[in-house]
Amino acid sequence: MTWENVRLMQGNEACVEGAIAAGMRFFAGYPITPSTEIAEISAAMLPRVGGKFIQMEDEIASISAVIGASLAGKKAMTATSGPGFSLKQESIGYAVIAEVPCVIVNVQRGGPSTGMPTSPAQGDIMQARWGTHGDHSIIALYPSTVKEVYDTTIKAFNLAEKYRTPVILLMDEVIGHMREKIVISKKNEIKIYNRKKPSVSPDEYMPYKITDDLVPEMANIGEGYRYHVTGLVHDEFGNPTNNSIIAEKLISRLINKIENNLDDINEYEEYKMEDAEEAIIAYGSTARSVKSAIDILRDRGRKIGLFKPITIWPSPKKKLEILGKNMKRVLVVEMNMGQYLLEVERILGKYTEVKGYGRTNGELITPNEIVSFVEEG
Amino acid sequence: MSKYLIEKYYRTERLPHIWCPGCGNGIVLKAIVKAIDNLKINKDDICVVSGIGCSSRATGYLDFNTVHTTHGRALAFATGIKFANPKLHVIVITGDGDCAAIGGNHLIHAARRNIDITTIVFNNNIYGMTGGQFSPTTPTGDKGTTAPYGNIDPNFDLCELAKASGATYVSRSTVYGVNMITKQVEEGIKNKGFSFIEVLTTCPTYYGRKNKKGDAAEMIRQLNEMTVNINAYDKLPEEKRENKIVIGELYRDTREEYTEKYDRLIKSF
Amino acid sequence: MKTLNDKKLIVEEEFCKGCGICVAFCPKNVLKVKNGKVLIADIDSCIQCGICEMRCPDYAIYLGGK
Numbered sequence: 149m150t151w152e153n154v155r156l157m158q159g160n161e162a163c164v165e166g167a168i169a170a171g172m173r174f175f176a177g178y179p180i181t182p183s184t185e186i187a188e189i190s191a192a193m194l195p196r197v198g199g200k201f202i203q204m205e206d207e208i209a210s211i212s213a214v215i216g217a218s219l220a221g222k223k224a225m226t227a228t229s230g231p232g233f234s235l236k237q238e239s240i241g242y243a244v245i246a247e248v249p250c251v252i253v254n255v256q257r258g259g260p261s262t263g264m265p266t267s268p269a270q271g272d273i274m275q276a277r278w279g280t281h282g283d284h285s286i287i288a289l290y291p292s293t294v295k296e297v298y299d300t301t302i303k304a305f306n307l308a309e310k311y312r313t314p315v316i317l318l319m320d321e322v323i324g325h326m327r328e329k330i331v332i333s334k335k336n337e338i339k340i341y342n343r344k345k346p347s348v349s350p351d352e353y354m355p356y357k358i359t360d361d362l363v364p365e366m367a368n369i370g371e372g373y374r375y376h377v378t379g380l381v382h383d384e385f386g387n388p389t390n391n392s393i394i395a396e397k398l399i400s401r402l403i404n405k406i407e408n409n410l411d412d413i414n415e416y417e418e419y420k421m422e423d424a425e426e427a428i429i430a431y432g433s434t435a436r437s438v439k440s441a442i443d444i445l446r447d448r449g450r451k452i453g454l455f456k457p458i459t460i461w462p463s464p465k466k467k468l469e470i471l472g473k474n475m476k477r478v479l480v481v482e483m484n485m486g487q488y489l490l491e492v493e494r495i496l497g498k499y500t501e502v503k504g505y506g507r508t509n510g511e512l513i514t515p516n517e518i519v520s521f522v523e524e525g
Numbered sequence: 018m019s020k021y022l023i024e025k026y027y028r029t030e031r032l033p034h035i036w037c038p039g040c041g042n043g044i045v046l047k048a049i050v051k052a053i054d055n056l057k058i059n060k061d062d063i064c065v066v067s068g069i070g071c072s073s074r075a076t077g078y079l080d081f082n083t084v085h086t087t088h089g090r091a092l093a094f095a096t097g098i099k100f101a102n103p104k105l106h107v108i109v110i111t112g113d114g115d116c117a118a119i120g121g122n123h124l125i126h127a128a129r130r131n132i133d134i135t136t137i138v139f140n141n142n143i144y145g146m147t148g149g150q151f152s153p154t155t156p157t158g159d160k161g162t163t164a165p166y167g168n169i170d171p172n173f174d175l176c177e178l179a180k181a182s183g184a185t186y187v188s189r190s191t192v193y194g195v196n197m198i199t200k201q202v203e204e205g206i207k208n209k210g211f212s213f214i215e216v217l218t219t220c221p222t223y224y225g226r227k228n229k230k231g232d233a234a235e236m237i238r239q240l241n242e243m244t245v246n247i248n249a250y251d252k253l254p255e256e257k258r259e260n261k262i263v264i265g266e267l268y269r270d271t272r273e274e275y276t277e278k279y280d281r282l283i284k285s286f
Numbered sequence: 034m035k036t037l038n039d040k041k042l043i044v045e046e047e048f049c050k051g052c053g054i055c056v057a058f059c060p061k062n063v064l065k066v067k068n069g070k071v072l073i074a075d076i077d078s079c080i081q082c083g084i085c086e087m088r089c090p091d092y093a094i095y096l097g098g099k
């Protein structure tokens, strides 16, 4: 380790550094607290690496420009917070059905509506999953340290490119604004995944061909593969159709290309789980408090550990089932009134007792609070 | 000529198109394609972007890079495409509802940036795809399904809006003067900056029927009677100017284009 | 009466929606709409001006061939 790779960095800054390392060369955004630094730092860094930054007129324009840029061949990202995330939802659905790789960062703040712009929250877990209309699958990642922000942003781009899908990178105000020491990976240590380019001539190219891996090859606009991109249900050539058989095939492929690859997509961290009889599930900044709480509880003789999903969506189903079968109790701690709790109950509620602890007043959940919850609950 | 243009530039297997009998959109689309043919631009270098609505279905029939986006956002998608790859000729096809209502914000800001996009609005004064609701360009007093007693909203002059917002080429034509559409699209594409072309077109099915405007041919004739070329307009006496819509090349300016400006920034490092 | 120009007036029936625009604008009353489709009723009067082709929104009528 050399010192030149060691930096003191804010979460939002690590996000941009990771994005550029992953190959991001286009950012479109709109100012919104607490994600604005991502736009500011992108504006400063991108032209220096030959990339493009544009401040759009609104949130919807930002995600739209990002999708356009990705279709034209750039790795593209936008960043926002709750209110902007809501505005972007229609276009996120467009990226899902048109299979356009892109990364949408949501640095969560208190809601609903304008809510508490400078306070952390984890209230968009379900919005990340179901925010856009219609049935679909989605990938959402949630780091909890600055180094993890850097790595997870790279992963977000890789998954977007690999599965031709929008990827949501969730943070919260604490993760976005917190500063930590990070050791930046060397270029040759970073694995980069790029979209599959067409392996056939333009005459033979089908932009939405159903292949074994369910992810079609992607031609960029301007490379001689002229095709039609639409938000309408379309056939393998991209042409709109109302045919129910084709519709069924398309929607199930869009879901299965993600759900069939949980082992590749799911990432999690376990803390002191080796001999644990109870588990706390937490993510993002809350997972940090939980770690401290677990240290305190362990000192008091309790066999308890943390399961921290980094991939929030799709759910780590197999892993959660194992937890359900092996744990006497599973507790979900989150800065909302029980959103991920619903998913945990759905998957492992039939195996063991599940209890949730949450709040939404803009304050972090403290280790002591968690200790009391575990001991009293 | 038609046969040649259709075979060269259309996805012929997608025809006939979905537009109603007598809808002017097919006329405008062919005029656009003719302009592209006249300019001899390689099909691979053209990207046509549209939003949602009758006009926006145009992209599905064209053998270019085509992107049929979400309602109102064609210009925002197009901005991303053009900015990401400035070598592309980016053309936006949109309608009066798509461009002036739900997408109004994107129009004024794309014009403000003077990004090199040629925007062609198929203005038929109505939301056709949803069945005839009044739009921001429906003349005051005219009827739509959501204005059963007559529209009380004042209507937009889209060309004035584009000009005020910073477009560097602004023109208006009608489906009566097909060659004028072609000429204007050529000029719009040649203009290095934001070009705005409003084409007045006909919706006999909804706007025409609701407002007793006669059949498709009659509506096209009325477009000729309602309009006057800007060259002639200046010479008209005051009383004859009233209620006339001015067509022709309305405005031109030269300002540095957006993507070129940014490229200068990149090169400065 | 044939003109110097010897192009042929062609109707693509499956494209025609019978809107009647070509009929209304034809200066020589060559065309008619019958059963919802355009019909060349009087080809001898055709002066091959191309107005029908220019105005047809459905690309259903054109001057082509030799």
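Chains as they are written, first to last, in our numbering: chain A, 149 to 525; chain B, 18 to 286; chain C, 34 to 99. Positions of the beta carbon are idealized from the N, C-alpha and C atoms, including for glycine.
- Message: Less than 8 Å between CB atoms is the rule here; does B/C40 satisfy it with respect to chain C?
- Response: yes
- A/S267 in three-state terms, based on DSSP: strand
- Task: Check whether the region 181-201 of chain B touches the region 96-114 of chain B, counting contact only when three or more Cβ pairs, one atom from each stretch, lie closer than 8 Å.
- Result: no
- Query: Looking at the C-beta of A/G370, does it have a partner C-beta in chain F at a distance below 8 Å?
  - Reply: This model lacks chain F altogether, as its protein chains are A, B and C.
- Message: In this structure, how does DSSP classify B/L124 when only helix, strand and coil are distinguished?
- Response: helix
- Using a C-beta cutoff of 8 Å, does C/D39 count as contacting chain B? no
- Scan the region 403-490 of chain A and note each continuous beta strand (DSSP E) run of 3 residues or more that stays entirely inside, going in chain order. 416-419, 426-429, 452-457, 459-461, 477-482
- Please classify C/S78: is it buried, with 16 or more other beta-carbons within 10 angstroms of its beta-carbon, or exposed? exposed
- Query: Distance, Cα to Cα, B/C116 vs A/I399?
  - Reply: 30 Å
- Query: Which of the three DSSP states, helix, strand or coil, is assigned to B/Y144?
  - Reply: strand
- Query: Tell me which same chain residues have a C-beta within less than 7 Å of the C-beta of B/I44, skipping the five on either side of it?
  - Reply: V192, V195
- Query: Around the Cβ of A/A227, are there at least 16 other Cβ atoms within 10 angstroms (buried) or fewer (exposed)?
  - Reply: buried
- Item | Neighbour flag for B/L105 against chain A, beta carbons, 8 Å | yes
- So, does the CB of C/C79 fall closer than 8 Å to a CB anywhere in chain B? no
- Message: By the 7 Å beta-carbon criterion, what residues does the region 197-214 of chain A contribute toward chain B?
- Response: G198, K200, I202, M204, E205, D206, I208, A209, S212, A213, V214
- Item | Touching by the beta-carbon criterion (3+ pairs, under 8 Å), the region 64-73 of chain B and the region 33-52 of chain B | yes
- Task: Note down, in chain order, every chain B residue with its Cβ under 9 Å from the Cβ of A/G379.
- Result: I69, H85, T86, T87
- Taking a Cβ distance cut-off of 7 Å, strictly less, list which residues of the region 23-57 of chain B are near chain A, in chain order. R31
- Task: Determine the chain B residues that contact C/K50 at a beta-carbon separation under 8 Å, and present them in chain order.
- Result: P33, C37, P38, G39
- Task: Inspect the CB distances between the region 238-251 of chain A and the region 177-184 of chain A and report whether three or more fall short of 8 Å.
- Result: no
- Query: With 8 Å set as the bound, which would you pick, yes or no: does the beta-carbon of A/R494 sit closer than that to a beta-carbon of chain B?
  - Reply: no
- Message: Can you pull the chain A neighbours of B/G158, defined as C-beta to C-beta under 8 Å?
- Response: Per Cβ cutoff of 8 Å: no residues; B/G158 is ~32 Å from chain A at best.
- Query: Is A/F385 closer than 8 Å to A/P346 when the C-beta atoms are compared?
  - Reply: no
- Message: Can you pull out the residues from the region 115-141 of chain B whose beta carbon lies closer than 9 Å to at least one beta carbon of chain A?
- Response: N122, H123, I125, H126, A127, R129, R130
- Task: Could you tell me whether the Cβ atoms of B/Y144 and B/G70 are closer together than 8 Å?
- Result: yes
- Contacting positions in the region 81-94 of chain C - beta carbon closer than 9 Å to chain B: G83, E86, M87, R88, C89, P90, D91, Y92, A93, I94
- Message: Our contact map puts A/T293 next to A/E328 with C-beta atoms below 8 Å; I'd like the distance itself, whole angstroms only.
- Response: 6 Å
- Express the C-alpha separation of A/G506 and A/G259 in angstroms, rounding to a whole number. 14 Å
- Message: I want to verify the contact list: residues of chain B whose CB lies under 8 Å from the CB of A/A217, in sequence order.
- Response: G97, I98, F100, A101
- Beta carbon of A/P549 nearer than 8 Å to that of A/A243: Any property of residue 549 of chain A remains undetermined from this structure, which presents chain A solely from 149 to 525.
- Message: I'd like to know if B/I283 contacts chain A, where contact means its C-beta is closer than 8 Å to some C-beta of that chain.
- Response: yes
- Own chain, CB closer than 7 Å to A/M264, minus 5 neighbours either side, in chain order: R257, G258, G510
- Message: Give me the chain A residues within the contact set of B/Y279, using Cβ-Cβ distance strictly less than 9 Å, ordered along the chain.
- Response: P195, K200, F201, I202
- Hey, how far is the Cα of A/L468 from the Cα of B/T218? 59 Å
- Query: Looking only at C-alpha atoms, which of A/P179, A/L156, A/A220 sits nearest to A/R374?
  - Reply: A/A220
- So the beta strand (DSSP E) B/F213 belongs to, where does it begin and stop? 212-217
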